[in-house]
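Structure record follows, encoded as structure tokens.
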Amino acid sequence: MLAEKRLLETQLTLLIKKPDTLEIFLGLAKLDDIEEQLEKVRAELKQAQSMAAILAKPIPTPVTLPAVDAETVYKPFDRSSDAVGADVATVIQKHIKTHLDATGETWLGSGARNIRENKCPFCAQDLTNSGVSTAIRSYFSDEYRTYIDSLSTEIKILKERFGSAVFPQLRAAFSNQVAIAAQWNEELPIDKVAVDRILSDAEIAWKSASAQLGELVKNKLAQPLLCTERANVDKAIAEYNTAVNTLSNANDILSASRKKAEERKAALSKSTTAEIEGRLSRLENHKAR
13 MLAEKRLLET QLTLLIKKPD TLEIFLGLAK LDDIEEQLEK VRAELKQAQS
63 MAAILAKPIP TPVTLPAVDA ETVYKPFDRS SDAVGADVAT VIQKHIKTHL
113 DATGETWLGS GARNIRENKC PFCAQDLTNS GVSTAIRSYF SDEYRTYIDS
163 LSTEIKILKE RFGSAVFPQL RAAFSNQVAI AAQWNEELPI DKVAVDRILS
213 DAEIAWKSAS AQLGELVKNK LAQPLLCTER ANVDKAIAEY NTAVNTLSNA
263 NDILSASRKK AEERKAALSK STTAEIEGRL SRLENHKAR
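Here is the structure:
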């Protein structure tokens with residue numbers, strides 16, 4: 013008899029919805045409107061679960077845009093022959109203008125590093141009594157090499173901030189935020205077409221600016237001790253500003269989407285579904301009783 017009682021208790025326990033115990037279950041009264049109450053609480057739970065899903069959604073964030081600081085862009089292009097003696101620089105620049113082309117400074121620099129036993133590294137001519145040779149070696153001194161290394165570092169930083177590889181990174185960042193905003197599309201649609209159009213317009217301006225900057229860098233590296241006219245640099249800066257200002261319009265769309273999402277979250281109940289699930293389990297136990 014005791015074994016049968018234990019078996020019955022075990023079977024009943026399997027039917028009971030937690031957290032109710034067997035004792036609580038046995039004390040539950042019969043409810044005439046149980047089906048109506050179950051339907052009501054199930055609907056309440058479904059709504060709460062929907063709210064929880066909405067509250068868990070990420071919200072879009074505006075993309076951080078490059079700061080186009082004119083002085084930063086000017087810096088490598090403003091540098092000139094201050095690193096070497098003015099008289100020596102004059103001799104070398106005159107020699108390049110008379111006998112060589114725009115790449116003459118690079119060519120002479122390579123030769124200066126390879127002079128051995130006072131002989132020209134290109135034709136083996138004796139350079140002992142050559143005034144130009146002496147000027148070349150003075151021109152391409154340790155100070156010059158330090159200057160070139162420093163200039164190269166500045167140009168590298170410039171490319172990292174404004175090179176052609178930067179815009180694809182910006183586009184990817186915007187695409188990521190638009191995808192986040194799209195998760196709210198049923199309630200808060202985002203104008204993807206407008207964002208795509210903005211990105212396309214900005215890309216045109218960025219590519220133009222990047223091409224201009226690339227040409228300026230090429231010329232600067234070919235003649236590193238010649239100062240670049242700021243007017244030429246300004247053209248690239250203007251294009252970069254156009255690109256960034258255009259991208260800010262896409263950020264305006266993301267900001268508006270973010271604000272709406274935040275307002276939507278704030279309006280929803282932050283209560284958990286645990287309490288509702290507990291009431292539903294109790295009602296199901298009432299029904300089983």
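All residue numbers for the sequence shown refer to this note's numbering, where the first residue is 13 and numbers rise by one. For every residue, glycine included, the Cβ atom is placed at its ideal position computed from N, Cα and C. Every value quoted in this text rests on a predicted model; they were computed, and no experiment measured them.
Between F179 and V75, the gap from beta carbon to beta carbon reaches 8 Å or more. At least 8 Å separates the beta-carbon of W218 from that of A248. Distance between I265 and L225, taken at the CA atoms: about 30 Å. Contact between the region 164-181 and the region 207-222 is present: 3 or more CB-CB pairs across the two stretches fall below 8 Å. Per DSSP, reduced to three states, the secondary structure at A262 is helical.
A250 and P201 have their C-alpha atoms spaced approximately 34 Å apart. Across the structure, I169 and K232 are spaced so that their CA atoms are roughly 15 Å apart. In chain order, I265 place their CB closer than 7 Å to the CB of A206, counting only its own chain and leaving out the 5 sequence neighbours on each side. Judged by their CB atoms, L211 and R183 are nearer to each other than the 8 Å cut-off. The three-state secondary structure of P180, taken from DSSP, is helix. If you draw a straight line from the Cα of I192 to the Cα of S269, it is about 10 Å long. One thing to note: P78 has its Cβ within 8 Å of the Cβ of R173.
T258 counts as buried, since at least 16 other C-beta atoms from the protein chains shown sit within 10 angstroms of its C-beta. W218 carries a helical assignment under DSSP once its states are collapsed to helix, strand and coil.
Using a 10 angstroms sphere on the CB of Q59, the tally of other CB atoms stays under 16, which defines it as exposed. Per DSSP, reduced to three states, the secondary structure at D81 is coil, with no helix or strand assignment. Secondary structure note for E47: its alpha helix (DSSP H) is the uninterrupted segment 46-68.
Here the alpha carbons of N188 and A221 stand approximately 25 Å from one another.
Distances from the alpha-carbon of K87 to those of I288, K204, L163, N244 put L163 closest. Nearest to I66 by alpha-carbon distance, out of R291, L295, K272, is K272.
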